[in-house]
Ligand SMILES: [Mg+2]
Ligand SMILES: [Mg+2]
Ligand SMILES: [Mg+2]
Ligand SMILES: [Mg+2]
Ligand SMILES: [Mg+2]
C-alpha cells in the first residue's frame, strides 16, 4: 500500500510490512492542462510570471470530505464556480476530515480538485481549516482539533506534493487564529509570528513557488501587529476575514486601521467574507450595506477576496440547493465576479 | 450525536457528519436543588457568599468509571458519605478512564455526581488525577498518561460546563506533581508555576467562580517554593498530600516547614490524607499517632482535608465492603467528621 | 493483564480494570548466563569492569518485528552473528513497530534478544530508530514517526527494565538526527544538545551503568559542534554513520575533521557503516576503497563500529538469503571481525 510522507495515520492498516510503505508520489501536472502561470509576490501585489498583477476573486467550497458525503464531489461543482466568474477556489481542509479519511485518501480528493482546477485554469488555496490557539493546542471544536506537529507535517506534505502545480498557488497556514478572550489560552503575536515563520520555512524548504498566507488574531481579523512586527519572510500574503459583525457602519475607517493599511505594503487576501439575512450568527448579519461597501473598499485597495461559502447548508450559504440556485449573497458576489457590479468612482 | 467541546476523542464515532457535532451543553442547575453558595477565597480561608469561613472535611471517592464497573455508581454512594458527616467529595478523574469512556460519556457521569451532590448540599472537587511531570509529559503509569494539550482542554471543558454550578467549587489542576528523583525528567518550580498559571488563565476565562487548587512536587507534598514564589493568580488554594510516611514523628514541626506555613497566608486543602495497618506501601503505614496528630494540626491551622479513599479495594481503604462497613481509618475520620473527635486544647 | 510502565499503547485492551495494570517487571539476569562485565567510559575508550578497553565490532540486525514477520526470529540468528566474529549487535527499534506490536509485546522480543545475547556473551545496542527532527517532531517517514513525549518514555522504560543486564551496554538515543536542508524544519545544536541531555538525565535516573550514545546532524554524520559544545554529561559515547557517499576519496582528512577528532577525547562508535554495488542509494555505493580505508582509519583511531545491516532485503545487505550466504560487504566485514583482515602498518 502507498501511504503518506509521515503523519502516520494509516499505520494501523499496514501492519504487515511497514518497511514497504511508499512515500506519496508528487502530483503530476498533466501536459493536457491549460498552461497556468505560477503566482508570486511583487511589492503589495500577487503577480503572474510576466509580472502582471492578478486580483483574485472567488469562493470557498465546503470541505471535500463533506462534498463526497453529500454525493456532490465532481468536476461539475468546479465548473459551476468557474461559470460564476471566479478565478480562485479555496479548499478548507478540516483536521477532523483529514483524520477520518486518512492522509492518503484525503490527498486523492485534493488531487482530483487540483486536476479539475488545472483543466479549468482556476487557482486554488489550500486552507488548513482550524480555529483557535495552535501554540497551546487549544482549538475551537472537535472539527478543528490538531497539533503543532500535525500542522508542520501537513504543510510539509502539501508543499512537497504540489510543488510543480501552478494551480495550487496559495497555502493558507491556519484559518482563524484566536484566543477568544483567553478561552483558548494565551500566546503573543511575537510567538505566533515565530510559529508561522517555522511553518513557512518548512514550506519553502520544499517549494518556493507557492505563496504562504498568514492571518492575525480575532478569528483572522486583526492585522494591526503587522505594522510594527511583520512576518520576517519574503513572498507571503496576509489574510483577513472581515465579516459584517466585526465593525459597525461606517466600516471603512476601521477596516483601514485593522487590516487595510497592510495592503499598502504587502498583498492582502480576504479569504472569507460573506453575509446573510437572519441566522444565528450575528457576525454574519447583512445590513444591506456590507456587500457594496466591502467590494468598493477592496477594489480601491487592490485586495483579493473569497466568499464563504459555496454550499447550501453551511452559513452564510451562496447556493440554496444542488441546482446551484444562488442565495442573496450568492447572486450579489456572482454579479461582481461577472463584472456586473458598478464600483464607485 | 452530541460530542464535547474539543478533545476529539469521539471523532471516530461520528464519521458521517462531523459538521453536526454539537458542543457540550452547560450543566443545568435544577431549581429543585438545595441552594448552595459559591465558594471563594478570602485571605487564607475558603468562604461562602456571605464571607463565612468554611473548613472542608470529606472523602475522595474512587474514579466514577471504577464505580460503574463495580456496579456501585448511584446516589446511595453519595448519601452514605453525607451521612458520615462530609461536606465535600473529591472525584478523581483518571486520564485513562477519560480516554476509555470518552469525553461525552465521562461528562455524563460527572453530571450525575454533581446532580446528587447538589441535591445533598455537598461540595465537589474535580481532580485531574495524574501523577508525574506534566511539563515533559512523563507520567507515572498508564492510568495517569496525559499531555499538556489534553490537560488544557480538560480544564477548559470542565470550567465551561460547570460554571453555573456552585457545588463544583474546586478544580484540582494536577493531582500529584513529582519528578521522582529525575525518573520523570526535570522541571523547575518556576516552570511548573508558569504551567499552572496558564491553566488557571484558561479556567478563569470561562469561570471565575470556581477555586483552582495547586499542588507542589514530591507527590503534592512540598510547598516550600510558595514562600518565595507563589502562584501569581488570585483566588486559588494550595494542595498537600501529607501521608504518614512523608515525615517521622514528631511530624508537626516538619509539616509547618513543608506546607503549614502556607496556610498562614493562603487557603490550604489536604486533598489526600490516610493511613492503614500493613499493606505494601510504607508511605501509608499507621503508627497510631498519625490520625489524631494531623487532625489537631489541621484544626489549629484551619486546613481543610479529604481522606483517600472511600473504596474497599484502593488503599488505604475507608470501607471494608459494599455494606460500607468502615475500616480503622474509616471509623476514625467518620468520627471526626461527625464531631465525635476531641481536639487538643 | 501486564502492561508497560506508561506509554499507554495498550490501554484499549485493558478497559475493564485499568487500576490493575501492572508495571513491566525488570529484566531478570539468569544465573546460568555467561558472566558479562558492565561497560563504561574511561577517557576516550569503552572499558570493562577491570578497566580494559574494548573495541566493539559487530552488526545491526533488522527490526525484531520484521524478523518475526519473516519467520526468522530465533536464537540461531544471533548465533550466526556470533560465529561471524561480532562482539556487539545493534537492535533498531522502529517507532512504527513499537506502536503496532505494543509496548508489552515488543519488550518481550527485546527480552528474548537480550537472553540470547547474554547466553552468547555478546553486547547489545538498543537503537531508537527514528530519522529527522525530534525537536519539531518532523520525522522522515511513517516508520520513524514519534514524539518527544514518546521518546522520553521509551528511554525511561528501557533504562528501568534493563538496568541489571550488563549485555545491554548501549542506548543509542536517536538514530539519525537531520534537518534535511530545512525539509524537517529547524533546530540548533544547542537545542538538540539540551534535548539529548534531558533524555540522558531520564536514563541516568534509572540506570547509570549503561552508556548513552549521541549522534549529530546530517543523518548522524556531523560531529563538528562537539568541539566547542560537547554534551554536558559524563559517561557517554558519540555516534557517526560515515557511509561512502558522505565524502569523496581521499576520505580520511574529511573524516578526521567531521568526526574523527572527537575520538581523541571521547569514545566514538560508528553504529552504521556499509556499502554495496549498484542499488538506488548513491550514499551506499562502493568504490572499492571504502571498506579497507575505513577499517584502517577506525583501527588507528580506536573507533568501534557496527555494519548495517544483517538482512537479505534491507540495504546494504550483509546476507544474500536465509542460508546466511554473505554478500560482498558481508564477506568483507566478516573477515575483519574474524581477524583475517590485514591492517596497514
Ligand atoms: Mg513565492
Ligand atoms: Mg469562519
Ligand atoms: Mg475564585
Ligand atoms: Mg496518592
Ligand atoms: Mg556509564
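Protein chains in written order, with the numbering used here: chain X, 1 to 345; chain Z, 1001 to 1345; chain Y, 2001 to 2345. For glycine and all other residues, C-beta sits at the position ideal for the given N, C-alpha and C.
Using a Cβ cut-off of 8 Å (strictly closer), state whether residue i contacts chain Y.
i	result
residue 1151 of chain Z	no
residue 156 of chain X	yes
residue 23 of chain X	yes
residue 1138 of chain Z	yes
residue 1066 of chain Z	yes
residue 8 of chain X	At residue 8 of chain X, the pLDDT of 40 sits below 50, so the modelled position is not reliable and the matter cannot be decided from this model.
If you draw a straight line from the C-alpha of residue i to the C-alpha of residue j, how long is it?
i	j	result
residue 2162 of chain Y	residue 2071 of chain Y	26 Å
residue 1185 of chain Z	residue 2148 of chain Y	12 Å
residue 298 of chain X	residue 305 of chain X	8 Å
residue 1246 of chain Z	residue 1283 of chain Z	7 Å
residue 154 of chain X	residue 102 of chain X	12 Å
residue 2126 of chain Y	residue 2173 of chain Y	8 Å
residue 1175 of chain Z	residue 221 of chain X	39 Å
residue 2011 of chain Y	residue 255 of chain X	Note that residue 2011 of chain Y scores 39 on pLDDT, short of 50, meaning its location in the model is unreliable; the coordinates nonetheless yield the value given after this. Roughly 51 Å separates the two Cα atoms.
residue 95 of chain X	residue 2024 of chain Y	35 Å
residue 2244 of chain Y	residue 2182 of chain Y	23 Å
residue 1159 of chain Z	residue 1029 of chain Z	15 Å
residue 2337 of chain Y	residue 2039 of chain Y	20 Å
residue 1165 of chain Z	residue 276 of chain X	36 Å
residue 1085 of chain Z	residue 1177 of chain Z	30 Å
residue 2327 of chain Y	residue 2068 of chain Y	22 Å
residue 2229 of chain Y	residue 2193 of chain Y	9 Å
residue 1082 of chain Z	residue 1054 of chain Z	16 Å
residue 1105 of chain Z	residue 44 of chain X	52 Å
Strictly under 8 Å for the Cβ-Cβ distance: is residue i near chain X by that measure?
i	result
residue 1059 of chain Z	no
residue 2076 of chain Y	no
residue 2143 of chain Y	yes
residue 2331 of chain Y	no
residue 2163 of chain Y	no
residue 2069 of chain Y	yes
Candidates the options: which alpha carbon is nearest residue i's?
i	options	result
residue 1339 of chain Z	Z:1312, Z:1327, Z:1295	Z:1295
residue 2139 of chain Y	X:157, X:138, X:318, X:292	X:157
residue 280 of chain X	X:315, X:97, X:273, X:246	X:315
residue 1219 of chain Z	Z:1272, Z:1066, Z:1257, Z:1267	Z:1272
residue 2258 of chain Y	Y:2217, Y:2274, Y:2287	Y:2217
residue 2077 of chain Y	Y:2033, Y:2300, Y:2116, Y:2222	Y:2116
residue 2035 of chain Y	Y:2267, Y:2225, Y:2167	Y:2167
residue 293 of chain X	X:251, X:85, X:51	X:251
residue 2289 of chain Y	Y:2249, Y:2268, Y:2317	Y:2249
residue 1180 of chain Z	Z:1326, Z:1194, Z:1333, Z:1132	Z:1132
residue 2152 of chain Y	Y:2075, Y:2128, Y:2143	Y:2128
residue 2312 of chain Y	Y:2112, Y:2042, Y:2066	Y:2066
residue 1027 of chain Z	Z:1112, Z:1098, Z:1043	Z:1112
residue 188 of chain X	X:134, X:169, X:142, X:144	X:134
residue 59 of chain X	X:75, X:208, X:330	X:330
Output yes if chain Z places a C-beta closer than 8 Å to the C-beta of residue i; else output no.
i	result
residue 88 of chain X	no
What in chain A is Cβ-close to residue i, meaning under 8 Å?
i	result
residue 1147 of chain Z	In the structure shown, chain A cannot be found, because the protein chains are X, Z and Y.
Shorter than 7 Å, the distance from the beta carbon of residue i to the closest heavy atom of ligand 7, or not?
i	result
residue 2032 of chain Y	As far as ligands go, the structure on display features ligand 1, ligand 2, ligand 3, ligand 4 and ligand 5 and does not contain ligand 7.
So does the region 1203 to 1220 of chain Z actually touch the region 1078 to 1092 of chain Z, counting three or more Cβ pairs closer than 8 Å?
The count of Cβ pairs closer than 8 Å, one atom from the region 1203 to 1220 of chain Z and one from the region 1078 to 1092 of chain Z, stays below three, leaving the stretches out of contact.
Could you please tell me which residues of the region 177 to 205 of chain X, in chain order, have their CB closer than 9 Å to any CB of chain Z?
For the region 177 to 205 of chain X, which is checked against every Cβ of chain Z, the residues closer than 9 Å are 179, 180, 181, 182, 183, 184, 185, 186.
Hey, is the region 260 to 268 of chain X in contact with the region 231 to 245 of chain X, meaning 3+ C-beta pairs nearer than 8 Å?
Between the region 260 to 268 of chain X and the region 231 to 245 of chain X there are three or more C-beta pairs closer than 8 Å, enough to call the two in contact.
Closer than 8 Å, Cβ to Cβ, to anything on chain X: give me those residues from the region 2097 to 2126 of chain Y, in chain order.
Along the region 2097 to 2126 of chain Y, going in chain order, the ones with a CB nearer than 8 Å to a CB of chain X are 2097, 2099, 2100.
Could you list the residues in the region 2017 to 2051 of chain Y with a C-beta less than 8 Å from some C-beta on chain Z, going in chain order?
So the list reads 2017, 2018, 2019, 2021, 2023, given in the order they occur along the chain.
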